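Here's the structure we're looking at; comments come further down.
Number of protein chains: 2
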Amino acid sequence: MRPALRLHALAACIALACPAFAAEKATTIPAKAVEAATALRDKAMADNTGYEFVSGLTTEVGPRLAGSAADKRGVEWTVAKFKAMGFDKVYTEKVSYPLWERRSEHAAIVAPYPQNLFVTALGYSAGTPAGGLTADVVAFDTLDALKAADPATVKGKIVYVSTHMQQQKDGHDYGMGSATRTRGPVLAAKMGAVGYLLRSAGTDPHSRTPHTGVTGFTKPEDAIPAGALSLPDADQLERVLKEGKPVTIKLDLDVGFKGTYEGENVIAEVTGRKKPNEVVAIGGHLDSWDLGTGAIDDGAGVAIAAAAAKLIKDMPLRPDRTIRVIAFANEEMGLWGGRAYAEAHAKDVAKFQLGTESDFGAGRIWRMTASVKPGARGAIEQIAKVIEPIGVAYDPNKPGGGGSDLSQMHAKGMAALSLTQDGTDYFDYHHNANDTLDKIDPKALAQNVAVYATFAYMAAQADGNFGSAPDAFKGDGAHD
Amino acid sequence: MRPALRLHALAACIALACPAFAAEKATTIPAKAVEAATALRDKAMADNTGYEFVSGLTTEVGPRLAGSAADKRGVEWTVAKFKAMGFDKVYTEKVSYPLWERRSEHAAIVAPYPQNLFVTALGYSAGTPAGGLTADVVAFDTLDALKAADPATVKGKIVYVSTHMQQQKDGHDYGMGSATRTRGPVLAAKMGAVGYLLRSAGTDPHSRTPHTGVTGFTKPEDAIPAGALSLPDADQLERVLKEGKPVTIKLDLDVGFKGTYEGENVIAEVTGRKKPNEVVAIGGHLDSWDLGTGAIDDGAGVAIAAAAAKLIKDMPLRPDRTIRVIAFANEEMGLWGGRAYAEAHAKDVAKFQLGTESDFGAGRIWRMTASVKPGARGAIEQIAKVIEPIGVAYDPNKPGGGGSDLSQMHAKGMAALSLTQDGTDYFDYHHNANDTLDKIDPKALAQNVAVYATFAYMAAQADGNFGSAPDAFKGDGAHD
Numbered sequence: 008m009r010p011a012l013r014l015h016a017l018a019a020c021i022a023l024a025c026p027a028f029a030a031e032k033a034t035t036i037p038a039k040a041v042e043a044a045t046a047l048r049d050k051a052m053a054d055n056t057g058y059e060f061v062s063g064l065t066t067e068v069g070p071r072l073a074g075s076a077a078d079k080r081g082v083e084w085t086v087a088k089f090k091a092m093g094f095d096k097v098y099t100e101k102v103s104y105p106l107w108e109r110r111s112e113h114a115a116i117v118a119p120y121p122q123n124l125f126v127t128a129l130g131y132s133a134g135t136p137a138g139g140l141t142a143d144v145v146a147f148d149t150l151d152a153l154k155a156a157d158p159a160t161v162k163g164k165i166v167y168v169s170t171h172m173q174q175q176k177d178g179h180d181y182g183m184g185s186a187t188r189t190r191g192p193v194l195a196a197k198m199g200a201v202g203y204l205l206r207s208a209g210t211d212p213h214s215r216t217p218h219t220g221v222t223g224f225t226k227p228e229d230a231i232p233a234g235a236l237s238l239p240d241a242d243q244l245e246r247v248l249k250e251g252k253p254v255t256i257k258l259d260l261d262v263g264f265k266g267t268y269e270g271e272n273v274i275a276e277v278t279g280r281k282k283p284n285e286v287v288a289i290g291g292h293l294d295s296w297d298l299g300t301g302a303i304d305d306g307a308g309v310a311i312a313a314a315a316a317k318l319i320k321d322m323p324l325r326p327d328r329t330i331r332v333i334a335f336a337n338e339e340m341g342l343w344g345g346r347a348y349a350e351a352h353a354k355d356v357a358k359f360q361l362g363t364e365s366d367f368g369a370g371r372i373w374r375m376t377a378s379v380k381p382g383a384r385g386a387i388e389q390i391a392k393v394i395e396p397i398g399v400a401y402d403p404n405k406p407g408g409g410g411s412d413l414s415q416m417h418a419k420g421m422a423a424l425s426l427t428q429d430g431t432d433y434f435d436y437h438h439n440a441n442d443t444l445d446k447i448d449p450k451a452l453a454q455n456v457a458v459y460a461t462f463a464y465m466a467a468q469a470d471g472n473f474g475s476a477p478d479a480f481k482g483d484g485a486h487d
Numbered sequence: 008m009r010p011a012l013r014l015h016a017l018a019a020c021i022a023l024a025c026p027a028f029a030a031e032k033a034t035t036i037p038a039k040a041v042e043a044a045t046a047l048r049d050k051a052m053a054d055n056t057g058y059e060f061v062s063g064l065t066t067e068v069g070p071r072l073a074g075s076a077a078d079k080r081g082v083e084w085t086v087a088k089f090k091a092m093g094f095d096k097v098y099t100e101k102v103s104y105p106l107w108e109r110r111s112e113h114a115a116i117v118a119p120y121p122q123n124l125f126v127t128a129l130g131y132s133a134g135t136p137a138g139g140l141t142a143d144v145v146a147f148d149t150l151d152a153l154k155a156a157d158p159a160t161v162k163g164k165i166v167y168v169s170t171h172m173q174q175q176k177d178g179h180d181y182g183m184g185s186a187t188r189t190r191g192p193v194l195a196a197k198m199g200a201v202g203y204l205l206r207s208a209g210t211d212p213h214s215r216t217p218h219t220g221v222t223g224f225t226k227p228e229d230a231i232p233a234g235a236l237s238l239p240d241a242d243q244l245e246r247v248l249k250e251g252k253p254v255t256i257k258l259d260l261d262v263g264f265k266g267t268y269e270g271e272n273v274i275a276e277v278t279g280r281k282k283p284n285e286v287v288a289i290g291g292h293l294d295s296w297d298l299g300t301g302a303i304d305d306g307a308g309v310a311i312a313a314a315a316a317k318l319i320k321d322m323p324l325r326p327d328r329t330i331r332v333i334a335f336a337n338e339e340m341g342l343w344g345g346r347a348y349a350e351a352h353a354k355d356v357a358k359f360q361l362g363t364e365s366d367f368g369a370g371r372i373w374r375m376t377a378s379v380k381p382g383a384r385g386a387i388e389q390i391a392k393v394i395e396p397i398g399v400a401y402d403p404n405k406p407g408g409g410g411s412d413l414s415q416m417h418a419k420g421m422a423a424l425s426l427t428q429d430g431t432d433y434f435d436y437h438h439n440a441n442d443t444l445d446k447i448d449p450k451a452l453a454q455n456v457a458v459y460a461t462f463a464y465m466a467a468q469a470d471g472n473f474g475s476a477p478d479a480f481k482g483d484g485a486h487d
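Taken in order, these protein sequences are the chains called A and B. So the first sequence is numbered by my numbering: it starts at 8 and just counts up by one. So the second sequence is numbered by my numbering: it starts at 8 and just counts up by one.
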């Protein structure tokens with residue numbers, strides 16, 4: 008939360024007698040619930056449900072590109088799995104989005120040194136004409152350099168932008184990498200480029216696996232062919248460019264928009280015993296890119312949420328409030344599942360006790376932050392105390408954003424956590440063919456499940472709420 | 008050398024007054040040459056010629072599959088480069104071999120869980136019929152288990168063999184891995200299998216890069232479609248197989264034999280000042296598999312030999328004997344260049360002072376072994392003393408085999424070294440798409456160049472020979 012905005016919100020609340028900031032009773036978690044959560048945490052740390060879930064999903068379904076036949080099988084698999092896990096309710100909600108297909112993709116240096124390049128098309132890229140597109144390359148070190156360029160130098164060319172990301176625990180270089188991937192193609196198209204390539208937004212310099220991901224194109228008529236080169240291929244192209252001769256590339260991307268698809272968010276619930284209409288929302292996204300099997304992005308996220316809810320369901324008594332697991336549709340091409348969910352449920356936002364989504368791999372959670380009302384900070388500190396022994400530090404000075412799809416509910420006013428995972432190697436595998444089950448450490452995954460189970464149970468048992476209300480957290484800085 | 012064979016050879020020599028074992032003067036290296044070699048070593052350690060060579064070859068030519076247009080460009084590039092480096096002679100020698108082409112390759116699990124698998128066809132594999140080949144899988148843990156199987160269980164099936172290799176400094180698991188790749192398909196074909204897949208002969212469990220390599224098929228009519236799965240894909244298939252349901256795979260390999268090709272060994276020489284017809288032979292192979300750019304296999308080998316010879320050429324005086332650099336054609340599909348070379352030059356084997364080839368990547372050399380006459384052991388020890396400070400230990404108890412192609416000249420009787428590189432990560436990248444320039448550490452490459460330059464110069468300056476003679480080293484155990 009930004010100081011200036013906090014004061015502004017506080018002033019508005021005082022004027023309107025806003026309940027979140029009134030002198031009401033602070034939210035607390037009863038001692039008995041803290042005790043039960045501690046036992047739940049320890050059980051979860053030794054439990055394999057999450058790993059079995061993600062192993063099953065990625066093995067029996069595999070890659071799940073939004074709108075593909077495999078995506079549909081993924082929905083069916085998850086519905087069946089949620090039912091087999093014994094949840095109280097299992098249902099789906101429709102999510103409509105543009106269908107985009109990848110059929111084949113090739114790139115090659117034509118001159119001066121003919122050779123193939125490992126490329127992948129980006130989401131919402133246009134296809135090339137049949138037989139491919141051949142053009143000279145104009146290269147830029149950064150997106151800013153492209154922005155500053157004279158459009159005449161770009162017109163008719165394939166633009167290449169080389170952004171270098173480094174490994175980091177919080178993966179912050181992805182801000183720059185994803186901007187180069189999403190905004191770069193749109194900018195290049197506006198400047199008259201006929202194609203766009205970037206050095207993949209990834210961090211493994213030794214792997215020939217290009218990283219896909221969505222562009223900012225929203226209409227087929229605005230899109231140009233856009234792809235990413237693997238990092239060794241980007242190095243290769245850069246070595247060739249460095250010689251100063253004109254470099255010609257042929258792109259052959261058989262991809263593109265194909266009408267509209269109706270997918271589904273898949274939802275499972277442990278129904279609350281006392282306040283069934285009040286909901287702790289947790290989840291991940293069920294779709295994945297098609298190059299890997301979507302293990303760390305985001306089979307792990309769905310598995311963490313599902314396993315946490317299952318462990319809560321297996322307790323002697325149902326929790327006071329409902330635990331809702333949401334496996335979102337088509338996060339990858341623009342939070343389609345999350346936005347549809349928020350649209351449909353915004354009117355009930357005050358019923359969302361607390362929520363967050365897991366979508367940053369399967370590394371251990373090391374930090375919790377929260378966007379809650381001041382009167383619920385004590386309850387957050389109670390949660391922090393239970394998860395501190397399993398490696399999670401609470402930072403009270405940062406907002407909690409709710410994760411990728413649930414950020415949309417947070418934007419509507421849902422109180423939210425961020426449970427930050429160790430993403431040091433996340434961008435080695437993110438959106439590329441190497442996103443497979445072997446990247447998940449079952450023990451690290453169990454720690455995630457333990458954190459989710461603990462917080463979700465404690466929030467469900469709290470005396471009081473965390474401040475969810477329409478627009479309650481506007482300007483908290485979570486997604487600036 | 009095996010003890011029994013050693014006695015046998017000795018007995019034969021005594022009877023025939025074999026010069027190698029007679030009481031002739033021991034071979035030694037003059038003090039002045041040792042001094043010059045020490046300075047040469049130090050210069051080479053700080054020299055970048057080798058790295059520049061392999062960077063140029065892999066960037067300006069890229070992959071060089073034997074018989075491909077790129078292979079031809081590789082020959083032209085190397086001839087031009089050798090000339091630009093100022094060697095005294097640059098020439099080529101013809102090498103004829105069956106042409107095998109890779110056009111496209113796909114594999115997928117059809118049932119029970121449809122999904123693509125990352126596959127690469129193996130050298131000399133047959134293509135599948137148009138539209139692909141679909142069959143059930145029968146799996147074996149080892150090649151021995153396949154050997155022991157009832158052919159009735161294999162007939163009409165796709166055989167899958169899962170051999171697990173581990174990283175090792177000397178890469179000895181490759182014996183098992185390459186047997187599964189070369190002998191497995193031949194055995195499976197004889198048993199009536201319609202296709203063959205193996206878990207790649209590689210050591211990076213996290214990379215979706217299947218490892219290609221040659222099979223033992225020698226005639227198109229004996230070949231069946233054969234491929235390798237990446238290790239994560241092999242894991243995936245094994246998880247599916249473990250469930251016990253029938254597993255159906257579709258293989259679509261558009262590959263195959265296509266007549267005969269005439270390639271070239273590319274040769275450069277620093278002509279000896281005193282004994283130009285006596286030759287120290289060093290080299291690597293110029294062809295590579297087509298998935299990577301052939302940096303560690305074996306652009307590095309050619310670069311090491313070429314740079315070593317260049318450094319010797321740049322000395323104030325030409326060496327006493329000739330230094331010959333051989334960039335062999337088509338090593339990958341069965342030592343075609345090496346065998347052609349040995350056939351052509353066997354009659355002159357006694358003129359080959361000493362030789363060895365670099366073909367195990369670009370890691371530092373840590374061990375030297377030698378197959379030389381007893382009277383040349385002192386000279387080998389002199390060489391060992393000069394290269395010991397840069398990390399090479401001399402093991403007098405093992406034979407020296409001469410490397411891959413030059414093993415064929417050693418088999419004819421050429422005295423040979425083995426200069427063993429650190430291959431700990433070699434089989435992470437060997438024969439797969441990740442064999443690219445970034446895998447080469449310029450400093451480690453320079454150490455290789457230093458070792459080659461040092462030994463080649465000292466051998467060229469030796470008083471006496473190392474025992475090369477027709478069949479002089481038969482049964483030394485180098486290639487048992």
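All C-beta atoms in this analysis are idealised placements derived from N, C-alpha and C, irrespective of residue type, glycine included. None of these values were measured; they are calculated from a predicted model.
| Asked | Found |
| --- | --- |
| 7 Å Cβ shell around A:Ala22 - same chain, five flanking residues per side excluded | Only weak support is given to the placement of A:Ala22: the predicted model assigns it a pLDDT of 37, under 50, and the value that follows is read from those uncertain coordinates. Contacts found: none. |
| Neighbourhood of B:Gly279 by C-beta distance below 7 Å, restricted to the same chain and skipping five residues each side | Glu285, Arg325, Pro326, Asp327, Arg328, Thr329 and Ala467 |
| When B:Thr34, B:Leu124, B:Gly341 and B:Leu64 are compared against B:Gly224, the one with the closest alpha-carbon | With the sequence shown as reference, residue 224 of chain B is identified as Phe, and Gly is not the correct amino acid for it. Closest by alpha carbon: B:Gly341. |
| Per-residue contacts from B:Tyr348 into chain A (C-beta, under 8 Å) | Result: empty, since nearest Cβ-Cβ is about 28 Å, beyond 8 Å. |
| Residues bridged to A:Val287 [DSSP beta-bridge criterion] | A:Ile330 and A:Leu361 |
| Buried or exposed by the 16-neighbour rule on C-beta atoms within 10 Å, applied to A:Gly234 | buried |
| Element boundaries [beta strand (DSSP E), containing A:Trp373] | Ile372 to Ser378 |
| Residue span of the beta strand (DSSP E) that contains B:Lys265, given as start and end | Thr255 to Val277 |
| The beta strand (DSSP E) enclosing B:Gly93, as first and last residue numbers | No beta strand (DSSP E) contains B:Gly93, which DSSP labels as neither H nor E. |
| For B:Ile2, the first and last residue of its enclosing beta strand (DSSP E) | Missing from the structure shown is residue 2 of chain B; chain B here goes from 8 to 487 and no further. |
| Inter-stretch contact at 8 Å, needing at least 3 Cβ pairs: the stretch 250-269 of chain A / the stretch 112-127 of chain A | yes |
| A:Leu194 - containing alpha helix (DSSP H), residue span | Tyr181 to Lys197 |
| Meets three-Cβ-pair contact criterion under 8 Å: the stretch 131-150 of chain A and the stretch 390-406 of chain A | no |
| Nearest neighbour of B:Gly134, chosen from B:Ala118, B:Val247 and B:Gly263 [CA to CA] | B:Gly263 |
| Pick from A:Ile311, A:Asp297 and A:Ala38 that is closest to A:Leu452, judged by C-alpha positions | A:Ile311 |
| Any C-beta of chain A under 7 Å from that of B:Gly209 | no |
| Beta strand (DSSP E) segment containing B:Asn123, residue limits | Gln122 to Leu124 |
| 7 Å Cβ shell around B:Asp148 - same chain, five flanking residues per side excluded | Ser169 |
| Listed by chain order, chain B residues near A:Ala128 by CB distance under 7 Å | Ordered by position in chain B, no residue passes the 7 Å Cβ test against A:Ala128, which lies about 16 Å from the chain. |
| Cβ pair count under 8 Å reaching 3, the stretch 76-93 of chain B against the stretch 236-245 of chain B | no |
| Contact with chain A by B:Thr443, beta-carbon distance below 7 Å | yes |
| Among B:Asp242, B:Asn272 and B:Gln243, nearest to B:Lys101 - alpha-carbon criterion | B:Asn272 |
| Extent of the continuous beta strand (DSSP E) run through A:Arg473 | The question names Arg, but residue 473 of chain A in the sequence shown is Phe. Where A:Phe473 is concerned, there is no enclosing beta strand (DSSP E), given that its DSSP letter is neither H nor E. |
| Amino acids of chain A, ordered along the chain, whose beta-carbon sits closer than 9 Å to that of B:Tyr120 | Thr66, Glu67, Val68, Gly69 and Arg80 |
| Per-residue burial, A:Asn455 [other beta carbons within 10 Å of its own, 16 or more giving buried] | buried |
| Pick from A:His352, A:Glu276, A:Ala351 and A:Ala230 that is closest to A:Ala315, judged by C-alpha positions | A:Glu276 |
| Proximity test, A:Ile311 beta-carbon vs the ligand PLP heavy atom, cut-off 6 Å | Absent from the structure shown: the ligand PLP. Ligands present: none. |
| Under the three-state DSSP convention, the category B:Asp478 falls into | coil |
| Three-state secondary structure (DSSP) of A:Cys25 | Residue confidence for A:Cys25 is low, a pLDDT of 47 falling below 50, so the modelled location carries little weight and cannot support an answer. |
| Three-pair Cβ contact test at 8 Å for the stretch 295-305 of chain A versus the stretch 203-221 of chain A | yes |
| Residue-chain proximity (B:Pro449, chain A), Cβ-Cβ < 7 Å | no |
| In DSSP terms, what A:Gln428 is bridged to | A:Ile372 |
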